[in-house]
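Participant: Submitted below is the structure of interest, expressed as structure tokens.
2 protein chains.
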Amino acid sequence: MSMMGQSISIGELARRADCKPETVRYYERIGLLRDATRTGGGQRRYGDDAVRRLTFIRHARDFGFSVESVRELLAMSDQPDMPCQEVDAIATHHLKKVESRLQRLSALREELQRMVTQCAGGKVGSCRIIEVISDHQLCITEKSHGGAHDLG
Amino acid sequence: MSMMGQSISIGELARRADCKPETVRYYERIGLLRDATRTGGGQRRYGDDAVRRLTFIRHARDFGFSVESVRELLAMSDQPDMPCQEVDAIATHHLKKVESRLQRLSALREELQRMVTQCAGGKVGSCRIIEVISDHQLCITEKSHGGAHDLG
DNA sequence: CTTGAAGCTATAGTTGCTACAAGGTTTACA
DNA sequence: TGTAAACCTTGTAGCAACTATAGCTTCAAG
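Chains A and B are the protein sequences, given in the same order.
So the first sequence is residues 981 to 1132, counted in this note's numbering.
So the second sequence is residues 981 to 1132, counted in this note's numbering.
Following this line, the structure appears as structure tokens:
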């Protein structure tokens, strides 16, 4: 594919995958990226494969997949002959989490909208926003307390 | 209000506000809750005011307000004569963040749905899920990379 | 060959809790 | 009154997923 072999610096790699060098080093440390080849002076140099891999990681993270899920997905994609049931399982599982998060978030949006429109611009003592947060009769949104915040 | 003064233990307080004692101590440490009165043996005892305050905090957190925002809201609600423009500003700002997060999340849901339905159940090598994450032509969702994840 | 940007490692900080460990206190019951 | 369970105390370390800093070295352009 590439005529250039290993010629991409960490900064360039980061730029191409839209992240920072620190993040790249972090991913290397936790084993998402393989150790890079080094120049005589000890600087990392990458090839196009690393760009693709890092881009995959960033996209998956951007989708809300946890680092551990990304690790699994990478392990699977490293073995193209595997059946993709597991990939499907991870994605489906993730979809469910996203859906419930979405529900909570849109209930939240409605509450906030209600708050904001009800704020009459008076004194804090009679501010509906404060009241609404205090009362929270809007636990209408079913049992919502307690960690639905993780997209794993 | 209360006939009982300061008689609520930390565990009881936590139970009433649907959180854990550790969280209560944490809030005390970072200054969201005032130092509690203590028994002779050094245990914390609270009154109804603390229940209200903690409930407010938990609800606001549950709404996605950051601890710093909650701190501001509390400071304001401690001064009922203040005009509530700032309260409104915080809530409005928060609403905007929630809305953009919501947009991103629902785009994500659609992508995941697409992924899952396109997974033909074959080998990983031809798995659409892996491909979709890699290609991410779905950056349709406008400029989405880079920290739209914070609900501050 | 100089200079300035970019890279290196190691370590600590971030946010918002949560989970220990190793004890001390309270309370309920016999 | 004794004692045991349940609760509380502090301090510290851990979690995710980075981000930032310090103090140094290397690389690339002019």
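Glycine included, C-beta positions come from ideal geometry on N, C-alpha and C.
If we define contact as Cβ-Cβ less than 8 Å, is residue 1027 of chain B a contact residue for chain A?
Facilitator: No - not a single Cβ of chain A is within 8 Å of the one on residue 1027 of chain B.
Participant: Measure the C-alpha to C-alpha separation of residue 1110 of chain A and residue 1092 of chain A and round it to an integer number of angstroms.
Facilitator: Each residue's alpha carbon lies about 11 Å from the other.
Participant: For chain B, is any of its Cβ atoms less than 8 Å away from the one on residue 1113 of chain A?
Facilitator: Closer than 8 Å: yes.
Participant: Could you list the residues in the stretch 1050-1064 of chain B with a C-beta less than 8 Å from some C-beta on chain A, going in chain order?
Facilitator: The residues in question are 1053, 1056, 1057, 1059, 1060, 1061, 1062, 1063 and 1064.
Participant: Need the endpoints of the beta strand (DSSP E) that residue 1024 of chain B sits in, please.
Facilitator: Where residue 1024 of chain B is concerned, the enclosing beta strand (DSSP E) stretches over 1024-1026.
Participant: Can residue 993 of chain A and residue 1030 of chain A be called in contact, C-beta distance under 8 Å?
Facilitator: Yes. Within cutoff.
Participant: I'd like to know if residue 1044 of chain B contacts chain A, where contact means its C-beta is closer than 8 Å to some C-beta of that chain.
Facilitator: Yes, residue 1044 of chain B counts as interfacial toward chain A.
Participant: Measure the CB-CB distance between residue 1059 of chain B and residue 1104 of chain A and report whether it falls below 8 Å.
Facilitator: It is a contact, given that the beta carbons lie within the stated cut-off.
Participant: Just verifying my parser: in three-state terms, what is the DSSP assignment at residue 1126 of chain A?
Facilitator: Residue confidence is low: residue 1126 of chain A scores 38 on pLDDT, short of 50, so the model does not pin down where it sits. Its coordinate-derived value is still stated next. Coil at residue 1126 of chain A, not helix or strand.
Participant: Given a cut-off of 8 Å, decide if residue 1064 of chain A and residue 1133 of chain B are closer than it, judged by their beta-carbon atoms.
Facilitator: Because chain B in this structure spans residues 981 to 1132, residue 1133 of chain B falls outside the shown range and cannot be described.
Participant: From this set, B:987, B:1033 and B:989, which residue's C-alpha is nearest residue 1007 of chain B's C-alpha?
Facilitator: Closest option to residue 1007 of chain B, Cα to Cα, is B:1033.
Participant: Taking Cβ positions only, does residue 1094 of chain A come closer than 8 Å to chain B?
Facilitator: Chain B contact via Cβ: absent.
Participant: With a floor of 3 residues, list each beta strand (DSSP E) that falls wholly inside the stretch 991-1044 of chain A, ordered by position along the chain.
Facilitator: Those beta strand (DSSP E) runs which fall completely within the stretch 991-1044 of chain A and span 3+ residues are 1024-1026.
Participant: Return the residues of the stretch 1003-1023 of chain B that lie within a Cβ-Cβ distance of less than 7 Å from chain A, sorted by chain order.
Facilitator: Answer set for the stretch 1003-1023 of chain B: empty.
Participant: Buried or exposed for residue 1019 of chain B, going by 16 or more other Cβ atoms inside 10 Å?
Facilitator: Residue 1019 of chain B should be labelled exposed.
Participant: Would you verify that the beta carbon of residue 996 of chain A is, or is not, closer than 8 Å to some beta carbon of chain B?
Facilitator: Not an interface residue.
Participant: Kindly list, in the order they appear in chain B, the residues whose Cβ is closer than 7 Å to that of residue 1072 of chain A.
Facilitator: Result: 1096.
Participant: Would you mind sorting residue 924 of chain B into buried or exposed? The rule is 16 or more other CB atoms within 10 Å of its CB.
Facilitator: Given a span of 981 to 1132 for chain B in the structure shown, any question on residue 924 of chain B remains unanswerable.
Participant: Is residue 1030 of chain A close to chain B, meaning its C-beta is less than 8 Å from at least one C-beta of that chain?
Facilitator: Not an interface residue.
Participant: So, helix, strand or coil for residue 1119 of chain B, using DSSP?
Facilitator: In this prediction, residue 1119 of chain B has a pLDDT of 44, which is less than 50 and means its spatial position is unreliable; what the coordinates show is noted afterwards. Three-state DSSP puts residue 1119 of chain B in coil, outside helix and strand.
Participant: Taking DSSP as the reference, what is the three-state secondary structure of residue 1114 of chain B?
Facilitator: Helix.
Participant: For residue 986 of chain B and residue 991 of chain A, what's the separation of their Cα atoms in angstroms?
Facilitator: Distance between the alpha carbons of residue 986 of chain B and residue 991 of chain A is about 58 Å.
Participant: Who pairs with residue 989 of chain B in a beta bridge, going by DSSP?
Facilitator: Looking at the DSSP assignment, residue 989 of chain B forms a beta bridge with B:1025.
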